[in-house]
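In the numbering used here, the protein residues as written are 3 to 60.
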């Protein structure tokens, strides 16, 4: 497989890799945000249930 190197090819390769990196970073950020939200909901739920139990059993 021969790869003809000219400026246009290099530019398209660079922009392709930049787009890929950007997509990857966005995906990682999205996953971190989703994980944070799930963690927050879990903590919120646990806090609510413990408060509820604490109120129910004086």
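Where is the CB? At the ideal position from N, CA and C, for every residue including glycine.
Roughly how many angstroms lie between the CA atoms of residue 52 and residue 44, to the nearest whole one?
12 angstroms
In whole angstroms, what separates the C-alpha of residue 57 from that of residue 46?
16 angstroms
Roughly how many angstroms lie between the CA atoms of residue 39 and residue 10, to the nearest whole one?
43 angstroms
Expressed to the nearest angstrom, what Euclidean distance is found between the alpha-carbon atoms of residue 29 and residue 42?
20 angstroms
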